[in-house]
Amino acid sequence: MMAKRNFSMIEYFNQIAKDWQPLLSFQGSTRADFEKWQAEARAKYFELLGDFPQPVDLDAEVIYSIEEDGLVRERVIFDSEEYMSVPCVVLKPADMPDDKSGAAIICSHGHGPFGKEPVAGNASTPALAANIAQHRYNYGELMARAGYLTICPDLRVFGERSDGGDPYPGRDRCNVHFLRGAMLGIYTLTLNIWDMKCCVDYLQTRPEVNPERIGMMGLSQGGTMTTFTTAAEPRIKAADIIGYLSLWERFAINRGNFCGSQMVPHIFKYFDTSDIAGLIAPRPLLVEMGVHDTCFFIENQLKAFEKTRRIYEAAGAADKLWADIHPGEHMFAAGRVFDFFAEYL
């Protein structure tokens with residue numbers, strides 16, 4: 258009888274992950290189960306993220322502020338740590354009062370070629386316009402038109418932070434920087450979470466914004482950032498995860514559909530993405546899922562959502578977990594989100 262041989266690393270990891278059970282994946286059903294799990298899981302989650310950078314004065318600057326078509330558009334830059342600054346576009350209704358009453362939303366972009374610009378509604382070139390049309394990507398602009406102040410930052414290694422766009426030809430710069438940082442015990446995902454936390458710090462200084470009315474949303478890698486940031490940042494009161502919540506075994510291990518900016522070491526040893534989303538409970542959470550999404554397949558999104566739903570039920574917050582299953586591809590639905598943020602922000 259021939260021994261079963263294998264030379265493929267793809268098959269090796271597929272077989273290992275097939276029946277993988279993360280050590281801290283939620284298994285309970287009661288409020289007591291949830292509270293015990295949340296305390297243990299949150300501690301492990303922060304341990305896996307590692308150390309955040311040391312805070313510095315934001316030293317925020319509004320580089321310009323212009324009004325166009327009913328919106329004020331601003332270029333804002335602030336420092337998030339000693340050796341790093343964050344460029345952002347801030348949008349708000351032109352008539353938004355400076356009375357600390359308004360709501361704000363952090364709008365994170367995905368793993369695309371243009372960073373924050375399409376999210377902020379920049380359609381100034383055919384390529385930008387096509388990118389917006391493909392993903393209904395301009396949710397930063399659309400939510401500002403719905404009455405919110407929105408901030409659209411560039412994540413590290415994207416947009417203005419990309420070092421020219423292709424500093425390592427033939428390689429994903431996310432992966433190169435993940436390896437560089439991992440040698441030092443520093444992870445790109447953790448650094449991006451820190452930058453999003455600094456966005457909250459900045460929003461709380463804005464004269465238009467009520468510090469208790471801050472939300473977050475994002476598509477694809479922006480969904481990664483929304484999931485992981487909201488789990489780590491209690492000042493975010495409501496979140497919309499768009500086209501991301503799926504299963505590590507399906508999209509990461511089987512398909513390799515992720516990058517070094519979207520994980521930290523050992524994360525799947527302890528958690529699936531549904532568990533990270535569950536750490537947001539009992540705060541309000543909307544999950545958008547495209548039936549024809551070819552980046553995160555709908556059947557896997559639905560399975561992940563069901564796991565998160567069980568966490569929300571155990572937390573006594575089932576009514577605060579919303580789903581928007583839409584007929585689109587990998588894109589912003591522009592559907593239930595308006596009612597969701599109207600109710601919870």
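With our numbering applied, the sequence shown covers 258 to 602.
Even glycine gets a Cβ: it sits at the ideal position worked out from N, Cα and C.
Source: prediction; values computed, not measured.
The stretch 459–477 and the stretch 352–360 touch, with three or more beta-carbon pairs separated by less than 8 Å.
Within a 10 Å sphere around the beta-carbon of residue 436 sit fewer than 16 other beta-carbons, which makes this residue exposed.
In the DSSP annotation of this structure, the continuous segment of the alpha helix (DSSP H) that includes residue 296 starts and ends at 288–306. In this structure, the alpha-carbon of residue 547 lies about 22 Å from that of residue 537.
Bridge partners of residue 338 according to DSSP: 341. With fewer than three CB-CB distances shorter than 8 Å, the stretch 446–455 does not count as touching the stretch 494–506.
Here residue 327 has 351 as same chain residues with Cβ atoms under 6 Å from its own Cβ, once five neighbours each way along the sequence are excluded. Following the DSSP letters along the chain, one finds residue 409 inside the beta strand (DSSP E) bounded by residues 406–410.
Note on geometry: alpha-carbon atoms of residue 414 and residue 584 lie some 32 Å from one another.
Under a 10 Å Cβ-count criterion, residue 370 is classified as exposed, with fewer than 16 other Cβ atoms of the shown protein chains found around its own Cβ. Contact annotation: residue 379 and residue 412 have beta-carbon atoms that are not nearer than 7 Å. Check the Cα spacing between residue 330 and each of 337, 417, 316, 345: the tightest is with 345. For the 7 Å CB-CB criterion, residue 317 and residue 335 form a contact.
In this structure, the straight-line span from the alpha carbon of residue 293 to that of residue 577 is close to 20 Å. Ranking 383, 472, 376 by CA distance to the CA of residue 490 puts 472 first. Annotation: residue 277 to residue 506 spans about 8 Å, alpha carbon to alpha carbon. One thing to note: residue 553 has its Cβ no nearer than 7 Å to the Cβ of residue 476. Bounds of the beta strand (DSSP E) holding residue 468 are 466–476. For residue 365, the three-state secondary structure derived from DSSP is strand.
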